[in-house]
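Chains as they are written, first to last, in this note's numbering: chain A, 24 to 366; chain B, 20 to 630.
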């Protein structure tokens with residue numbers, strides 16, 4: 024067990040293990056690991072109460088590098104395992120580490136069902152739009168036409184829009200961040216950890232070996248300001264290198280306008296609690312190479328306060344105890360109709 | 020008219036009708052009343068997979084067979100003394116089971132032209148001589164029921180729905196039984212609609228009185244109470260016993276029960292039963308699919324609870340990878356397979372024992388697991404309790420096998436007192452022994468400790484990758500892998516040190532033939548072996564609860580017989596294991612029809628072996 028600093032406060036270092044981190048040099052996962060370790064001392068939980076659960080894929084090595092409780096499970100099932108853990112142990116802080124293949128392909132079913140049940144846990148979905156561990160096949164988030172080892176003439180699969188899918192499953196916290204913006208990532212991770220309910224955080228993560236530059240247009244200094252829309256609650260949707268563009272709702276249609284023609288008051292004001300607008304925002308998913316496309320939003324799209332499965336489950340147990348009294352094993356073994364055989 | 024009373028030692032009755040006729044309820048009520056009276060009973064519900072199969076058709080017939088007696092009853096009976104048929108189709112399907120000179124009680128209203136056509140009869144069997152060898156009691160049950168309820172104000176549909184009560188009342192008179200238990204049941208079941216309570220009670224009495232006043236038969240029957248071992252008894256079904264065993268194990272292990280499952284026939288009743296007992300802290304989780312069900316169990320087990328999942332063959336196939344993860348993690352959990360006819364969807368409501376090899380080998384890699392099988396409805400309790408003990412005390416997933424026959428069948432159960440059940444003790448971490456927690460440090464039984472989140476200083480990571488001995492760190496070292504494969508196998512083998520030695524259950528301790536059985540064939544094999552042994556045949560019966568590991572003395576027992584016959588409702592699965600394990604020329608007796616063996620089939624084979 025690692026020790027805390029002189030003030031008795033845990034630091035990021037207390038959450039790293041003695042295991043060598045084995046991602047490829049330059050992988051976006053390093054940045055995420057660093058940010059997660061750095062927020063751990065701030066989430067207000069004891070180290071022994073924190074559990075990281077992952078499936079299979081590059082990102083799923085994550086729990087080995089966190090000095091908490093952890094499980095590196097099987098492909099696609101981290102969400103289901105976390106559901107069982109959180110149902111049975113509501114007292115724990117549970118973190119699911121998953122990827123685009125793990126969560127959206129082989130584990131798609133568990134993901135949507137976990138979201139509708141709204142356990143109080145955090146999901147970090149590392150989206151790199153590729154299968155990295157199996158060395159470069161297209162994933163359910165790879166764009167149409169993507170040329171990979173398994174799609175030499177280009178992928179003919181239409182990709183998932185992950186956050187739209189999550190909202191469709193009634194997720195109560197939906198956010199997007201990126202590996203190359205540690206400050207933003209940190210802010211979103213902390214916000215997610217504070218949400219009571221399932222926090223679904225998609226992280227654009229660069230696979231520099233099999234899909235290098237997939238998100239460059241959103242992360243590169245040259246293009247970032249024009250191509251991204253940083254969401255802030257209560258603030259107008261403004262973007263652009265000169266902060267000179269905004270999004271306005273024209274009827275139901277999001278439209279890019281110039282702030283030379285409109286004032287900020289005319290723009291769409293972001294409201295994290297507005298589910299309908301959140302659905303529109305998650306639809307900002309245009310191919311950035313298409314003329315007139317909308318910028319890609321980052322930040323918190325939606326927050327809702329809804330009951331948690333584990334709380335309702337605990338309430339039912341309490342209710343049953345109130346109604347029937349504490350379980351009496353001898354009484355249920357006897358049942359209602361007993362007869363006696365004399366010796 | 021006064022009637023004479025004729026004594027019977029044992030009686031087998033089949034109730035048969037449409038799947039909407041309330042046959043299962045009628046059979047269950049008749050069973051409970053006889054059990055309460057003190058008879059030994061054994062039941063076999065046999066119903067179609069469709070909830071409401073087309074009315075009046077051969078495919079839609081629902082049956083409930085029971086044997087009750089003043090002597091020990093181990094099976095629902097090979098052939099029937101009495102057939103109660105609500106319509107022509109039910110009559111046709113079940114007539115082959117009726118013994119010569121047996122009694123048929125028929126609802127004549129179910130033999131109209133339409134019924135006969137649906138049952139594919141050219142002529143009416145009530146009139147064409149089909150019944151010459153039997154004693155027939157024709158009753159227009161529909162008409163009698165409607166007459167009894169003429170003033171009830173109920174609609175025709177509701178009136179007709181209580182026809183089964185008329186038949187039940189009739190049989191209660193015939194067998195001289197008190198109706199109080201059924202009357203109480205009716206009051207409880209329909210407590211929200213008093214008019215239905217009145218109607219059902221009225222029809223029940225009408226049936227009873229009709230039997231009394233009509234001159235249908237001249238003698239009533241008396242089946243005296245059985246000489247069971249002294250003590251308190253109740254009637255219990257297999258799935259119910261399984262659920263109670265899980266709750267008992269959870270109490271005795273002081274671990275909350277987490278039950279994750281996905282609905283599937285014939286396992287769902289375990290979920291239903293457990294969901295009733297939330298006041299025991301039982302958490303039931305109906306998962307989105309079979310894989311999620313076992314995965315939530317893995318999560319709960321990692322969290323320190325008694326994790327249990329149940330399914331039938333198709334669902335177990337889906338769970339395979341995750342069960343393997345359980346083997347790799349070495350976490351305690353119990354996987355229940357209530358077997359049914361396979362492969363694929365197979366015969367969902369019929370019984371089979373064809374998933375034994377799936378339990379042994381249905382996972383990738385070398386993934387050994389302890390396997391236990393229950394032998395009868397009430398034995399589900401003790402066997403699942405033992406499965407939970409092994410899981411927790413040996414840190415391993417355990418398979419518990421039941422099947423459709425014992426899951427839905429019932430029998431009297433001399434239930435235990437909670438104080439008589441043993442405590443289940445998990446292996447905890449002792450920080451004084453190893454200050455730095457090492458998840459795969461083992462005791463002499465090769466069991467690792469169960470340290471759960473929330474334990475300060477016990478933080479550790481486990482996973483599906485091969486792990487280094489002791490530390491649990493990921494390891495690709497070839498020698499370490501082989502060592503770990505051996506450890507996981509030896510850990511399961513060492514469980515044999517903690518289970519009772521096998522006994523010869525019935526018959527000869529040595530001799531010509533050993534009938535070696537497992538699972539739900541217990542009752543029929545026992546019946547047949549006893550009969551053969553009484554005839555002077557040197558035959559013994561060994562019935563296995565523990566299939567992996569085997570009891571340590573099994574080889575020794577087997578060697579005392581010239582021949583080993585293994586009866587199974589599959590094509591020889593235990594047979595393959597026994598032949599491989601003990602290098603003996605055991606032979607199979609196999610039946611894969613979705614229905615249990617009859618004792619006669621077993622007896623014939625025994626006689627053939629010595630004849």
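Using N, Cα and C, we set each Cβ at its ideal position, and we do this for glycine too.
Residue 285 of chain B - containing beta strand (DSSP E), residue span: Looking at the DSSP string, residue 285 of chain B is not in any beta strand (DSSP E), and its letter there is neither H nor E.
contact_flag[the segment 155-167 of chain B, the segment 199-211 of chain B] where n(CB pairs < 8 Å) is 3 or more: no
Chain A contact for residue 59 of chain B (CB, 8 Å cutoff): no
Cβ-based burial, residue 554 of chain B [other Cβ within 10 Å; buried from 16]: exposed
Member of B:438, B:125 and B:160 whose CA lies at the smallest distance from the CA of residue 146 of chain B: B:125
Residue 96 of chain B versus residue 560 of chain B: straight-line alpha-carbon distance, rounded: 19 Å
CA nearest to the CA of residue 214 of chain A, picked from A:35, A:39 and A:66: For the residues A:35, A:39 and A:66, the minimum Cα distance to residue 214 of chain A belongs to A:66.
Residue from A:193, A:245, A:235 and A:333 with nearest C-alpha to residue 303 of chain B: A:333
Own chain residues within Cβ distance below 7 Å of residue 26 of chain A, not counting five before or after: Residue placement at residue 26 of chain A is poorly supported in this model, since its pLDDT is 46, which falls under 50; the coordinates are not used for a value here.
Interface residues of chain B facing residue 86 of chain A [CB-CB closer than 7 Å]: 480
Below-8 Å beta-carbon distance, residue 91 of chain A vs any chain B residue: yes
Neighbour flag for residue 275 of chain A against chain B, beta carbons, 8 Å: At a cut-off of 8 Å between beta carbons, residue 275 of chain A makes no contact with chain B.
Beta-carbon gap between residue 99 of chain B and residue 117 of chain B smaller than 8 Å: yes
Residue of B:472, B:446 and B:42 minimising C-alpha distance to residue 460 of chain B: It is B:446 whose Cα lies nearest to the Cα of residue 460 of chain B.
Presumed contact (8 Å Cβ cut-off) between residue 90 of chain A and residue 138 of chain A, rounded CB distance: Incorrect: roughly 29 Å between the Cβ atoms, too far for contact.
Cβ of residue 131 of chain A within 8 Å of any chain B Cβ: Not one chain B Cβ lies under 8 Å of residue 131 of chain A.
Contact list for residue 258 of chain A against chain B, beta-carbon separation under 8 Å: Within 8 Å Cβ-Cβ: nothing; residue 258 of chain A doesn't reach chain B, min ~38 Å.
Below-8 Å beta-carbon distance, residue 268 of chain B vs any chain A residue: no
8 Å contact criterion, which residue 127 of chain A and residue 183 of chain A should meet: CB distance rounded: Contact between residue 127 of chain A and residue 183 of chain A is confirmed by a C-beta separation of about 5 Å, below the 8 Å threshold.
Min CB distance residue 228 of chain A to chain B below 8 Å: Interface criterion not met: the Cβ of residue 228 of chain A is under 8 Å from no Cβ in chain B.
Cβ separation of residue 186 of chain A and residue 225 of chain A, assumed to be a contact under 8 Å, to the nearest whole Å: 6 Å
Proximal chain B residues relative to residue 108 of chain A, where beta-carbon distance stays under 7 Å: Correct list: 318, 319, 321 and 322.
Distance, residue 579 of chain B Cα to residue 24 of chain A Cα: Because the pLDDT at residue 24 of chain A is just 40, under 50, the model does not fix this residue reliably, and the value given afterwards should be weighed accordingly. Straight-line Cα distance between these residues: approximately 58 Å.
Presumed contact (8 Å Cβ cut-off) between residue 278 of chain B and residue 293 of chain B, rounded CB distance: At roughly 5 Å, the Cβ-Cβ gap stays under 8 Å, so residue 278 of chain B and residue 293 of chain B are in contact.
Inter-stretch contact at 8 Å, needing at least 3 Cβ pairs: the segment 261-272 of chain B / the segment 304-320 of chain B: no
Minimum Cβ-Cβ distance from residue 194 of chain A to chain B less than 8 Å: no
is_contact[residue 362 of chain A, chain B] using C-beta, thresh 8 Å: yes
Spatially closest choice to residue 264 of chain A from A:281, A:272, A:277 and A:255, by CA coordinates: A:281
Classification of residue 475 of chain B by the beta-carbon crowding that lies within 10 angstroms, buried from 16 upward: exposed
CB of residue 639 of chain B within 8 Å of CB of residue 329 of chain B, strictly: Since the first residue of chain B shown is 20 and the last is 630, residue 639 of chain B is not available in this structure.
Option in A:141, A:351 and A:93 with minimal Cα separation from residue 492 of chain B: A:93
6 Å CB neighbourhood of residue 275 of chain B in its chain, flanking five on each side removed: 300 and 324
Beta-carbon proximity list for residue 348 of chain A, same chain, < 6 Å, skipping 5 on both sides: none
From B:219, B:33, B:88 and B:380, residue whose alpha carbon lies closest to that of residue 247 of chain B: B:88
Boundaries (first-last residue) of the beta strand (DSSP E) holding residue 625 of chain B: Element bounds for residue 625 of chain B: not the beta strand (DSSP E) but the alpha helix (DSSP H), 618-629.
is_contact[residue 156 of chain A, chain B] using C-beta, thresh 8 Å: no
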